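Under numbering that gives the first Met the number 0, the final residue of the sequence shown carries the number 315; numbering is consecutive throughout. Just so it is clear, CB atoms sit at the ideal spot from N, CA and C, and this is done for glycine as well. Note that the structure is a prediction, hence the values are computed from the model and not measured.
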Amino acid sequence: MEKRTPEEEIEYRRYLRKRIRMRKRRRQVMIARTIVAVVGLVFVFLIFYGIGKLTDPLFAGKSEPQMTKEPEVTPFTVDVPEGYEDVYDKLYAMREDYSGIDDILLNLAQYPEALLNLLAGNPETLEFVSGYLMHMDDEKANGEITQEELDELTPPLFLQWDKRWGYVKYGGNIIAINGCGPTCMSMVYTGLTKDLSKSPAEIADFCIENDYYADDSGTSWSLMSEGAKKLGLNAEKIGIGQQAIQEKLESGCLVICSMAPGDFTDTGHFIVLRGMTKKGKFLINDPNSQSRSQKKWEAETVLKQVKAAWAYSYTQ
0 MEKRTPEEEI
10 EYRRYLRKRI
20 RMRKRRRQVM
30 IARTIVAVVG
40 LVFVFLIFYG
50 IGKLTDPLFA
60 GKSEPQMTKE
70 PEVTPFTVDV
80 PEGYEDVYDK
90 LYAMREDYSG
100 IDDILLNLAQ
110 YPEALLNLLA
120 GNPETLEFVS
130 GYLMHMDDEK
140 ANGEITQEEL
150 DELTPPLFLQ
160 WDKRWGYVKY
170 GGNIIAINGC
180 GPTCMSMVYT
190 GLTKDLSKSP
200 AEIADFCIEN
210 DYYADDSGTS
220 WSLMSEGAKK
230 LGLNAEKIGI
240 GQQAIQEKLE
250 SGCLVICSMA
260 PGDFTDTGHF
270 IVLRGMTKKG
280 KFLINDPNSQ
290 SRSQKKWEAE
300 TVLKQVKAAW
310 AYSYTQ
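Dropping the structure here:
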């Protein structure tokens, strides 16, 4: 081998150092590129994993369990007055189906027990009963019979718990509770005479003035005969068989019936028979129920509950 001169030896060593530095730099670049590539792959994987977790049905809807606070249940407590226990239980059972019952229950002692029993037996009266505390001192009716009512149905259907007159005192109670008699007479009078002046409240006053009301028995049957004649109607007590009643209805008369306990009452009640269908079913006006008044009744069902009946007509 040819021996290098000192100058050539120095130059050769410089060349070797340069080669070593270049190799070292290339190695560092490769390592850096590898690290960047690995980080990039990891980043891409995490992105696609996250997207897959959102869209995959297996993961859909899954989330970290969270602690939820249970809703607090406020106990419903009422101080039930003595003697109100039965009606309270009935009204409490109605809470889920009828909004407004809770307010009545929370003020239970301020309502007459008879009014609460009216509601328990007839949910149609809920709005009326709810308004009782605002109208409990009403002395007069706050509304009149309208011509529209008379045009709609003859005789018109009046409800004893109508807000216009239901809160008015009648004897030891209010018309809504024990005013079925005056309300029936008001319907008959209005239907026959077309005179709008004799509302249930007016007839109730008429009963008190003429002793047709007794605290122990309610409206007297005398209203249906003697009282009706004083009002200017033709009144006649009739038999309670189907033929007698049907003949009067077919002649254009209206009939008031005193009812025994059954479909219409638990104690005693008055209703109006206003006609019959071609199939022989009774059309009635029940002063305590809109739904019963809309129903066509089998004659046998009604007649077996009738205690007495009166027929009415009007001659100008």
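- Excluding sequence positions up to five before and after Ser257, its CB lies within less than 8 Å of the CB of Trp220, Met223, Gly267, His268, Phe269, Val305, Lys306, Ala307 and Ala308, all in the same chain and listed in chain order.
- Fully contained in the stretch 240-299 are the following alpha helix (DSSP H) runs of length 4 or more, in chain order: 241-249 and 289-292.
- Unbroken alpha helix (DSSP H) runs of no fewer than 4 residues, entirely contained in the stretch 154-222, are found at 174-177, 179-192 and 199-208, following chain order.
- Taking every protein chain shown into account, the CB of Thr182 has 16 or more other CB atoms within 10 angstroms, so this residue is buried.
- For Ile100, the enclosing alpha helix (DSSP H) starts and ends at Ile100 to Leu105.
- With 16 or more other Cβ atoms inside 10 Å of its own Cβ, Thr189 counts as buried.
- Asn141 sits in coil when the DSSP states are folded into three classes, being neither helix nor strand.
- Secondary structure note for Ser224: it is in no beta strand (DSSP E), with a DSSP letter that is neither H nor E.
- For Lys228, the closest C-alpha among the options Thr192, Asp214, Gly240 and Asp161 is that of Thr192.
- Here the C-alpha atom of Leu114 lies approximately 15 Å from the C-alpha atom of Trp164.
- Here Val41 carries a helix assignment [DSSP, helix/strand/coil].
- Contact between the stretch 155-174 and the stretch 115-131 is present: three or more C-beta pairs spanning the two stretches fall below 8 Å.
- In the structure shown, Val35 adopts helical secondary structure according to DSSP, grouped into three states.
- Distances from the CA of Asn209 to each of Ser250, Thr145, Gly226 and Lys303 were compared; the closest alpha carbon is that of Gly226.
- For Lys89, the uninterrupted alpha helix (DSSP H) segment begins and ends at Glu84 to Ala92.
- Taking C-alpha positions only, Ile207 is separated from Ile255 by approximately 20 Å.
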